[in-house]
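A.B. asks:
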Amino acid sequence: MRCISCHRLSKEIVCSSCDEKLFKVNISKRRVANMEVISLFKYKNIEQFLLTKHTSIGYRVYRYFSRNFIAPLIHKYVDASATKVHIIPIDESVSSGYSHTALLAHGIDTPLGIVYHAKLLATNRVNYAGKPLQFRLDNPRGFVYTGIPNIDAIIVDDIITTGITLQEAEIELSRHGVNVLFALTLADARD
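As structure tokens, then:
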């Protein structure tokens with residue numbers, strides 16, 4: 432295969448040379464209501480890769496991000512906590528043939544870190560891309576949680592923009608006694 436960035440032959444979707452140049456983890460933290468949100472990159476630094484979620488190549492890009500960035504961070508956290516933690520991807524509805532949040536959570540399962548697929552789904556599939564804050568407020572996701580109550584969890588999503596989606600998810604989970612430890616996103620769109 433070829434590197435998605437430089438087009439050289441590579442075993443991965445991104446070659447090791449581009450990986451070192453392009454993907455400098457820049458952890459940022461933001462508070463959204465009662466929850467801390469940890470983001471690994473600034474949106475503007477990986478935008479072209481995040482936008483692949485709407486294409487067939489996005490499947491491989493999001494698996495790459497999961498394997499190289501999300502999974503190692505969650506494994507490190509879960510191993511240090513020594514208690515069972517559920518990883519809950521936000522709204523794993525399938526578009527473009529796959530769910531990008533499911534891919535981000537893929538490969539995280541450990542004895543103490545359990546991925547809890549398709550348990551937090553949105554009833555409203557409205558697209559927020561490029562829409563103002565008021566549109567987001569007027570069109571809530573309407574999350575429904577169907578998982579086990581009274582657990583510790585980490586929410587996983589690809590991007591935090593306004594934080595409204597994560598806040599809605601945390602409210603729905605808390606109604607079921609789920610203790611959200613933090614949310615983890617690939618990128619923070621706030622500059």
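First residue of the sequence shown? That's 432 in the numbering used here, and the numbers climb one at a time after it. Virtual Cβ for every residue (Gly too), placed ideally from N, Cα, C.
Identify whether H607 lies in helix, strand or coil by the three-state DSSP scheme.
C.D. replies: H607: coil per DSSP, three-state reduction.
A.B. asks: Quick check on V492: does DSSP put it in helix, strand or coil?
C.D. replies: Note: V492 maps to helix in three-state DSSP.
A.B. asks: Taking the straight line between their C-alpha atoms, what separation do you get for L555 and I586?
C.D. replies: According to the sequence shown, residue 555 is Asn rather than Leu. Straight-line Cα distance between these residues: approximately 19 Å.
A.B. asks: Take the Cβ of G594 as the centre, count every other Cβ of all protein chains shown within 10 Å, and call the residue buried at 16 or more, exposed below.
C.D. replies: Burial call: buried.
A.B. asks: Taking the CB atoms as reference points, tell me whether V492 and I444 lie closer together than 8 Å.
C.D. replies: Cβ distance < 8 Å, so V492 and I444 count as in contact.
A.B. asks: Helix, strand or coil: how does DSSP classify S470 here?
C.D. replies: In this structure, S470 counts as strand in the three-state DSSP scheme.
A.B. asks: From this set, R439, A502 and D588, which residue's C-alpha is nearest G377's C-alpha?
C.D. replies: No answer is possible for residue 377: the residues shown for the chain start at 432 and end at 622.
A.B. asks: Indicate whether Y547 and H506 have their beta-carbon atoms separated by less than 8 Å.
C.D. replies: Cβ atoms of Y547 and H506: not closer than 8 Å.
A.B. asks: So the candidates are K455, D522 and Y490; which of them puts its Cα closest to the Cα of G528?
C.D. replies: Looking at the Cα atoms, Y490 is the closest of the given residues.
A.B. asks: With a CB to CB cut of under 7 Å and the five nearest residues on each side skipped, what residues in its chain are close to R533?
C.D. replies: Position check: residue 533 holds Ala in this sequence, whereas Arg was assumed. P520, E523 and H548, listed in sequence order.
A.B. asks: Kindly give me the distance between the Cβ atoms of C449 and S436, rounded to whole angstroms, as I take these residues to be in contact under 8 Å.
C.D. replies: Their Cβ separation, rounded to whole angstroms, is 4 Å, which keeps C449 and S436 in contact under 8 Å.
A.B. asks: Using the three-state DSSP reduction, which class does S497 fall into: helix, strand or coil?
C.D. replies: Helix.
A.B. asks: Following the continuous beta strand (DSSP E) through Y559, name the residue where it begins and the one where it ends.
C.D. replies: Element bounds for Y559: n/a, residue is neither H nor E.
A.B. asks: In whole angstroms, what is the alpha-carbon distance linking L612 and E601?
C.D. replies: Looking at the two C-alpha atoms, the distance is approximately 10 Å.
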